[in-house]
Amino acid sequence: MNIEKFLTEKATQAVTALYGAVDPALVQIQKTRKEFVGDYTLVTFPLLKTSRLSPDATAEAIGVWLAANVTEVSGYNVIKGFLNISLADSFWAARFSDISADYGRLPATGRTVMVEYSSPNTNKPLHLGHIRNNLLGYSVAEILKANGHRVIKANLVNDRGIHICKSMLAWQLYSGGETPESSGLKGDHLVGKYYVEFDKHYKAEIKELMAAGQSEDDAKRNAPVMLAAQDMLRKWEAHDPEVYGLWQKMNGWVYDGFEQTYKALGVDFDKTYYESNTYLLGKALVGEGLEKGVFKKRDDGSVWIDLTPDGLDEKLLLRGDGTSVYMTQDLGTATQRFAEEKLDDMIYVVGNEQNYHFQVLKLILSKLGYAWADNITHLSYGMVELPEGKMKSREGTVVDADDLVADMVETAREMSASTGKLDDCTPDQADQISRMVGMGALKYFILKVDPRKTMLFDPKESIDFNGNTGPFIQYTHARIRSILRKAAEGGIEYLNAPAPASYLPEEVALVKQLVDFPAVVAQAGEQFSPAVIGAYVYELAKTFNGYYHDHSILKEPDQAVRAMRLQLASKVARVIRSGMQLLGIEVPERM
RNA sequence: GGUCUCGUAGCUCAGUUGGAUAGAGCAUCAGAUUUCUAAUCUGACGGUCGUGGGUUCGAGCCCCGCCGAGAUCACCA
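Count the first sequence with my numbering and you get residues 6 to 596, in order.
Dropping the structure here:
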């Protein structure tokens, strides 16, 4: 049940009974702040025109009416125009028993939503920026599932183009036939190594040509390796067997590498698209746009759309030689997906550097008359910056995804070893827990920040394991599970126990927080924000830790109270687990 | 230059459609363990919410100017 909605209705009835008809939008119910007594608060200021009384008098009158007419309301107080309403313990006890195993799974909506994320280039390994993308995409997909949508997780692999040819060429020229097997390097790292190698030789050649008297622009154009790479791209497009074979071989290495990284990150996809298959899509749309008069052809044969009336620029859609550009492809794939997958919504998890691209994409689609253009969302996330600014591959400041993951797991292992808590674990169990905790720290660190905002990562200060962190939440879960294990060992039955005579304020507070979970899931879904879930789960864990500190569960002598506390703890653990699952974070049974 | 985003404690971040005395964590300092896991808990310190106006009963949030940071405006993807 939605308590705020319930109280809004009741308060509207109260105002209507006391003062006559009122616009329900003016009846504002919100949670009571911690420093005041009460559960929910009615703000009376918007109602003063209706009541024609002072704020306090209005609040008092409504309070009297609610206390007399609504059985769930156990009391009220008035402070400076705010009416704080308290609900009865019996009401909260009923809400408590509502909390089921699948709490936080919202009813099915019948909508199909595609979430595209990750979308890597196959010329270099994944880095910290990709980690944010992958974690966000996966989590948002899980959150949308919990909101009752059918979700398709999609990955569009950028596996063709000049940048791929650069790695291929450099490998051909300088590797001596090195393979992942012969070098022991992960496939994506090996290919990335030759992408860097290309750049080194390219730069050297530019320098030489400039020393021989060419201008910088000419040198960049005429450098032999660049010409060779471009030649290779033409051969690839012509399906030259040798080039095509090399391309398949090297991309295969990269996919093996990516697969390992995805597995370590715990992300997956329902569909993988390859740009080599889709880059010709969209050309049909060009004809359609020309027919509708939305696009215009120039004398050189290139096709454009003029978006200056919308405050944007002119945008190219087809080159003079008839080849398509990024925008054309994206228009094509979007159209294809909505048709083939019968999508209701499409979410692109792509960095905010592409805000303009998606603005233009949506605008063109709506100009072409596709109503579903409005159902495209660009989930535009902020960059991850280092203390010295942006990551730059040239300056070697890129934080590699695989390295970071390994570091986190290793740190978690050292932390566990120093406490001695895993001493009686098998090596396998210890590995498992270190992995969960290390990844939990990394994932929570990234996901707790509002996706839209630029965030800072300081490698030197390494990610925390105390305070507002993943491990803090995991630890709370592990402690609860430990109590429940001990209860089971002691043969304590708590599931079907009678309700206790009364509840502590801390217990009611926990129930209130638990009851919020479905609304939090809904809010996270509306805002595409894992951070909303993170903040909620952290607060819940913190509240429980305070309660745990002050009140013993297993040593409570009153059996009904003890049973209730065990139930409460078990529900807290379950909601923590569910919430963390929406973030893609596992919670251990012990740590 | 045009468009867009951001600016909250020393640092990293929260702050619901505008509501009460702006909150956490880290760091610093002081405490708590004969106890169900101290990766925990309690307390202290720390703020002209970039800045100047405006709207409102009420502004961190809405509007305008300015300062500062970033992104983007490719026949790259």
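For glycine and all other residues, C-beta sits at the position ideal for the given N, C-alpha and C.
By the neighbour-count criterion, in which a residue is buried when 16 or more other Cβ atoms sit within 10 angstroms of its Cβ, glutamine 253 is exposed.
If you look at asparagine 82, you'll find it in the beta strand (DSSP E) that goes 78–84. Residue pairing for lysine 158: DSSP places it in a beta bridge opposite Val120. The beta carbon of serine 180 is closer than 7 Å to those of Tyr199 in its chain, skipping five residues each way along the sequence. Phenylalanine 549 counts as buried, since no fewer than 16 other beta carbons sit within 10 angstroms of its beta carbon. Going by DSSP, lysine 576 is part of the alpha helix (DSSP H) stretching over 564–587. Burial state of glutamate 358 is exposed, judged by a 10 Å Cβ sphere holding fewer than 16 other Cβ atoms.
By the beta-carbon neighbour count (other beta carbons within 10 angstroms, threshold 16), threonine 37 is buried. In the DSSP annotation of this structure, the continuous segment of the beta strand (DSSP E) that includes glycine 356 starts and ends at 350–356.
Cβ-Cβ distances below 6 Å link asparagine 360 to Ser385 in the same chain, with the five nearest sequence neighbours on each side left out; the list follows chain order. Annotation for tyrosine 45: the continuous beta strand (DSSP E) segment containing it runs 45–48. The stretch 18–26 makes contact with the stretch 64–74; the number of CB pairs closer than 8 Å reaches 3 or more.
The DSSP assignment places 280–283, 288–296 as complete runs of the alpha helix (DSSP H) inside the stretch 249–337, in order along the chain (cut-off: 4 residues).
Counting C-beta atoms within 10 angstroms of its own C-beta, histidine 244 has fewer than 16 neighbours from the protein chains shown and is therefore classed as exposed. In this structure, the alpha-carbon of lysine 240 lies about 14 Å from that of methionine 231. Going by DSSP, lysine 39 is part of no beta strand (DSSP E) at all; its letter is neither H nor E.
Residue environment: glutamine 35 is assigned as exposed (fewer than 16 neighbouring CB atoms within 10 Å of its CB, all protein chains considered). Three or more beta-carbon pairs drawn from the stretch 160–171 and the stretch 276–286 are found closer than 8 Å, and the two stretches are therefore classed as touching. Here the alpha carbon of glycine 495 sits roughly 38 Å from the alpha carbon of proline 535.
DSSP places asparagine 360 within a helical segment (H, G or I) once states are collapsed to three. Comparing alpha carbon positions, the residue from Arg486, Gly292, Ala565 closest to tyrosine 508 is Ala565.
Alanine 289 counts as exposed, since fewer than 16 other beta carbons sit within 10 angstroms of its beta carbon.
Exclusion of the five residues before and after tryptophan 258 leaves Thr184, Pro185, Gly192, Asp193, Leu195, Val196 as the residues of its chain whose Cβ lies within less than 8 Å of its Cβ. Membership of threonine 382 in the beta strand (DSSP E) is indicated by the continuous run 381–386.
For a cut-off of 8 Å, the C-beta gap from isoleucine 488 to leucine 559 is around 6 Å, short enough to register as a contact.
Just measuring C-alpha positions, the residue of Ala151, Leu238, Glu319, Tyr375 sitting nearest histidine 362 is Glu319. As summarised for the stretch 122–154, the continuous alpha helix (DSSP H) elements at least 4 residues long and confined to that stretch are 133–151, given in chain order. For the 7 Å CB-CB criterion, threonine 313 and alanine 406 do not form a contact.
Under DSSP, the beta-bridge partners assigned to serine 91 are Gly80. The criterion of a C-beta distance shorter than 7 Å is not satisfied by serine 91 and aspartate 61. In this structure, Leu174 is the residue among Leu174, Asp335, Lys208, Asp204 with its C-alpha nearest to the C-alpha of aspartate 236.
The criterion of a C-beta distance shorter than 7 Å is not satisfied by alanine 98 and alanine 514.
The way I'd put it, the stretch 96–114 does touch the stretch 573–588; three or more beta-carbon pairs between them come closer than 8 Å. Between valine 272 and tyrosine 143, the C-beta spacing is below 7 Å. In this structure, DSSP gives aspartate 193 a helical state, which the three-state scheme calls helix. Counting only the Cα atoms, leucine 452 lies some 10 Å from asparagine 138.
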